[in-house]
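Residue numbers (mature numbering (1 follows the signal peptide of the UniProt record, and there is no 0)): -19 to -1, 1 to 569. No residue lacks a Cβ here, since even glycine has one placed at the ideal position from N, Cα and C.
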């Protein structure tokens, strides 16, 4: 009996020791390159083995590969290059890759390597056994590499296996797939984006991004934060989350030579208000949510709807995706609101974000139109993402999903106002308290005199037997200590946000994983890809309006004002079978 009991206790203890523990949130700082691209600090190599090589990588959600500029890379200008000889644990793989991202392309060999991501604390978070593209060549047009950017962190999922890049890639080649290999009991991998607007605006260069006029030096300046492993619930309205399932099996409509972006979701239409004019399209749309792109990108006919409604707008050959889009110069006093419907929620940005000043004091719209009429996708880039909080959820099993929510802004100005209001209220309360104290002391002094006089009268009356003792009429008022009727305000428990635990490094990474002990809880790194969409720009065709309101056309199936959009998507499975998100779910 003792032996069986001991065995059961041993098994229980063993299970408890190996149970998956949901991780704490890790804050990954996003900084800007001198060209305006968002960057993450990435280290390549194994700590304690060989030489760790630090780099700045930009990020994309469109693809799921990590990519680094390799020694001997042509056209990788003014940027540090990866040297495989400094990393004894790196292993080459067979095959060659060729990737197009946006209007740029790159390619090269393949390898397995250990990586780290830099936390806000300065500590590294380790993610191992990553499939990495060793870029040996990149296009000279619209390349994301150079000028301090050495690679791409691919935040795509690779949930759908693909050989579009020249080799067979699947979920196990992504950051998330490797994370689940290290943490088999994890249910969800989730992160949130809290980004700042992009300083990049449409320009006429095919090699360098254009920065808004008057922008100070960008290198190293803040671009926001990625809340890794679980979102920051204090950064968004938990009651207003709107979920969308990622769409798969899409065979066209995206940029030429690109593969289907991994984070493609279905949204519920858009609307724009320009002065007293309203244009829009209430039909559902497919959109790619990706901070690799700076602005807002619409099919050509849809971008025309908006800019035709702006008096004085002129189409110009400027772009942030060279050869793929065009832009519009607009009057600097343009008043515009652009709203996207996501389930039951609507998210609006205005001219403070949409209209940017150029160095010659003219202004340009950051809403661009695709020149190829076959491109029907929408892309919502960094500036649009900066107007809300976005959550990406990648379950171990099942379909990825994206949530959008209004931000909860905690600015220093609001804190200052709160301090002023608090000081005023506190000062008034202090004056009232002093007044009450003075009243009490005066009243007590009077009461003491009264009682002393009453006692003297009573002694005088004792001498006269025919006189009743003196009674203080109405003097028995018991001061009722009012029992605080305010009631107890319970403290709401923090809603547990289930997300995958920090990676355990007990599993060998490569042939010889000599990981130097446990690092801070961090998930696997993402793989990046570069841009190229070399299709020739085709001019935007004329737009034939189907109906006119206030002199401006509506698209067929147009904007349904004040009409609730159908809800999309579904709430992702809760990590560890716990409720993790507030707000309402949406159904596909």
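>> Suppose only complete runs of 3+ residues qualify. What are the beta strand (DSSP E) ranges in the region 245 to 285, listed by chain order?
In response: When DSSP assignments are scanned along the region 245 to 285, the uninterrupted stretches of beta strand (DSSP E) that are 3 or more residues long and fall wholly within it turn out to be 245 to 248, 251 to 255, 258 to 262, 266 to 270, 277 to 279.
>> Let me make sure I understand the geometry here. Which of 161, 257, 25, 171 has the alpha-carbon closest to that of residue 131?
In response: On the chain shown, position 150 is the one that residue 131 refers to. It is 25 whose Cα lies nearest to the Cα of residue 131.
> Taking C-beta to C-beta, are residue 91 and residue 102 nearer than 8 angstroms?
Replying inline: Within the chain shown, the letter at position 110 stands for residue 91. Within the chain shown, the letter at position 121 stands for residue 102. Cβ atoms of residue 91 and residue 102: not closer than 8 angstroms.
> If you draw a straight line from the alpha carbon of residue 336 to that of residue 156, how long is it in whole angstroms?
Replying inline: If you number the chain shown from 1, residue 336 lands on position 355. If you number the chain shown from 1, residue 156 lands on position 175. Looking at the two C-alpha atoms, the distance is approximately 36 angstroms.
> When you compare each of 21, 268, 89, 23 to residue 251 by their alpha carbons, which one comes out closest?
Replying inline: Numbered from its first residue, the chain shown carries residue 251 at position 270. Distances from the alpha-carbon of residue 251 to those of 21, 268, 89, 23 put 268 closest.
> What is the DSSP secondary structure of residue 7, counted as helix, strand or coil?
Replying inline: Here the question's residue 7 lines up with position 26 in the chain shown. Note: residue 7 maps to strand in three-state DSSP.
>> So, does the region 286 to 295 touch the region 166 to 176, judging by three or more C-beta pairs under 8 angstroms?
In response: Contact fails: fewer than three Cβ-Cβ distances are below 8 angstroms.
>> If you follow the beta strand (DSSP E) that residue 89 is in, where does it begin and where does it stop?
In response: Against the chain shown, residue 89 aligns to sequence position 108. It spans 85 to 99 - the beta strand (DSSP E) in which residue 89 sits, taken as one unbroken run.
>> Which residue marks the beginning of the beta strand (DSSP E) containing residue 370, and which one marks its end?
In response: Taking the chain shown and counting its residues from 1, the one referred to as residue 370 is at position 389. For residue 370, the enclosing beta strand (DSSP E) has its first and last residue at 370 to 376.
> Per DSSP, what kind of secondary structure is residue 291 in: helix, strand or coil?
Replying inline: Taking the first residue of the chain shown as 1, we reach residue 291 at position 310. In the three-state scheme derived from DSSP, where H, G and I count as helix and E and B as strand, residue 291 is classed as coil.
>> With a threshold of 7 angstroms on Cβ separation, who are the neighbours of residue 228 within its own chain once the five nearest residues in sequence on each side are excluded?
In response: Locating residue 228 in the chain shown gives position 247, counting from the first residue. Sequence-distant Cβ neighbours of residue 228 in its own chain, meaning closer than 7 angstroms and more than five residues away, are 245, 246, 247, 267.
>> At 4 residues or longer, what runs of the alpha helix (DSSP H) sit wholly inside the region 133 to 191?
In response: If only uninterrupted alpha helix (DSSP H) runs of at least 4 residues are considered, those enclosed by the region 133 to 191 are 156 to 163.
> What three-state label does DSSP hand residue 322 in the structure shown?
Replying inline: Here the question's residue 322 lines up with position 341 in the chain shown. In the structure shown, residue 322 sits in a strand (DSSP, three-state: E or B).
> When you compare only the Cα positions, how much space is there between residue 84 and residue 239?
Replying inline: Residue numbering aside, residue 84 sits at position 103 when the chain shown is read from its first letter. Residue numbering aside, residue 239 sits at position 258 when the chain shown is read from its first letter. Cα-Cα distance, rounded: 9 angstroms.
> Secondary structure at residue 382, three-state DSSP: helix, strand or coil?
Replying inline: Numbered from 1 along the chain shown, position 401 holds the residue referred to as residue 382. It is a strand residue.
>> Taking the beta carbon of residue 260 as the centre, do at least 16 other beta carbons fall within 10 Å, making it buried, or is it exposed?
In response: Residue mapping note: residue 260 aligns to position 279 of the chain shown, counting from 1. Residue 260 is buried by the Cβ-count criterion.
>> Between which residues of its own chain and residue 375 is the CB-CB distance below 6 angstroms, once the five residues before and five after are set aside?
In response: Counting from 1 along the chain shown, the entry for residue 375 is found at position 394. Around residue 375, the same chain offers 138, 157, 170, 381 as residues with beta carbons nearer than 6 angstroms, after the five sequence neighbours per side are excluded.
> Where residue 311 and residue 345 are concerned, what is the direct C-alpha to C-alpha distance, given to the nearest angstrom?
Replying inline: Along the chain shown, one-based indexing puts residue 311 at 330. Along the chain shown, one-based indexing puts residue 345 at 364. Here the C-alpha atom of residue 311 lies approximately 5 angstroms from the C-alpha atom of residue 345.
> What first and last residue would you give for the alpha helix (DSSP H) that runs through residue 363?
Replying inline: Looking up residue 363 in the chain shown gives position 382. From DSSP, the alpha helix (DSSP H) with residue 363 extends over 363 to 366.
> From residue 71 to residue 163, what does the alpha carbon distance come to, in whole angstroms?
Replying inline: Within the chain shown, residue 71 is the residue found at index 90, counting from 1. Within the chain shown, residue 163 is the residue found at index 182, counting from 1. The alpha-carbon atoms of residue 71 and residue 163 are separated by roughly 19 angstroms.
> In chain order, which beta strand (DSSP E) runs of at least 3 residues are fully inside the region 11 to 40?
Replying inline: For the region 11 to 40, whole beta strand (DSSP E) runs of length 3 or above, ordered along the chain, are 19 to 27.
>> On the CB-based measure, 16 or more other CB atoms within 10 Å of its CB, does residue 99 come out buried or exposed?
In response: As a working note, residue 99 is residue 118 in the chain shown. That one is buried.
> In three-state terms, what does DSSP make of residue 58?
Replying inline: Counting from one through the chain shown, the residue named residue 58 turns up at place 77. Of the three classes helix, strand and coil, the one that applies to residue 58 here is coil, per DSSP.
>> Under DSSP, the beta strand (DSSP E) around residue 74 begins and ends at which residues?
In response: As a position in the chain shown, residue 74 is number 93, starting the count at 1. DSSP places residue 74 inside the beta strand (DSSP E), whose first and last residues are 72 to 82.
>> Considering just the uninterrupted stretch of the beta strand (DSSP E) at residue 241, what are its terminal residues?
In response: As a position in the chain shown, residue 241 is number 260, starting the count at 1. Run containing residue 241: none; DSSP gives neither H nor E here.
> Going by DSSP, what residues sit across from residue 63 in a beta bridge?
Replying inline: Stepping through the chain shown from its first residue, residue 63 is reached at position 82. For residue 63, the pairing in a beta bridge is given by DSSP as 51.
> Would you report the Cα separation of residue 275 and residue 33, rounded to the nearest angstrom?
Replying inline: Numbered from its first residue, the chain shown carries residue 275 at position 294. Numbered from its first residue, the chain shown carries residue 33 at position 52. Straight-line Cα distance between these residues: approximately 31 angstroms.
>> Tell me the rounded alpha-carbon separation between residue 361 and residue 347.
In response: As a position in the chain shown, residue 361 is number 380, starting the count at 1. As a position in the chain shown, residue 347 is number 366, starting the count at 1. Take the alpha-carbon of residue 361 and the one of residue 347: they are about 11 angstroms apart.
>> On the CB-based measure, 16 or more other CB atoms within 10 Å of its CB, does residue 3 come out buried or exposed?
In response: Residue 3 sits at position 22 when you count from the first residue of the chain shown. Burial check for residue 3: the Cβ neighbour count within 10 Å reaches 16 or more, so the residue is buried.
> Who pairs with residue 328 in a beta bridge, going by DSSP?
Replying inline: The residue labelled residue 328 in the question sits at position 347 within the chain shown. Beta-bridge annotation (DSSP): residue 328 is paired with 321.
> Does the Cβ-Cβ distance between residue 309 and residue 296 come in under 8 angstroms?
Replying inline: By one-based count along the chain shown, residue 309 stands at place 328. By one-based count along the chain shown, residue 296 stands at place 315. Between residue 309 and residue 296, the C-beta spacing is below 8 angstroms.
> Counting pairs of Cβ atoms below 8 angstroms between the region 104 to 122 and the region 12 to 20, do you hit three or more?
Replying inline: Under the Cβ criterion (8 angstroms, minimum of three pairs), the region 104 to 122 does not count as touching the region 12 to 20.
>> Quick test of your reading: residue 351 and residue 306, contact by CB under 8 angstroms. State the CB separation rounded to the nearest angstrom.
In response: What you label residue 351 is simply residue 370 of the chain shown in a count that begins at 1. What you label residue 306 is simply residue 325 of the chain shown in a count that begins at 1. Right, their Cβ atoms sit about 6 angstroms apart.
> Where do the ends of the beta strand (DSSP E) carrying residue 115 lie?
Replying inline: Counting from 1 along the chain shown, the entry for residue 115 is found at position 134. Start and end: 105 to 119.
> Which same chain residues, not among the five before or five after residue 76, have their C-beta less than 6 angstroms away from its C-beta?
Replying inline: Taking the chain shown and counting its residues from 1, the one referred to as residue 76 is at position 95. So the list reads 91, 148, once near-sequence residues are dropped.
> Nearest to residue 573 by CA position, among 389, 81, 187, 365, is which residue?
Replying inline: There is no way to answer for residue 573, as the model of the chain reaches only from -19 to 569.
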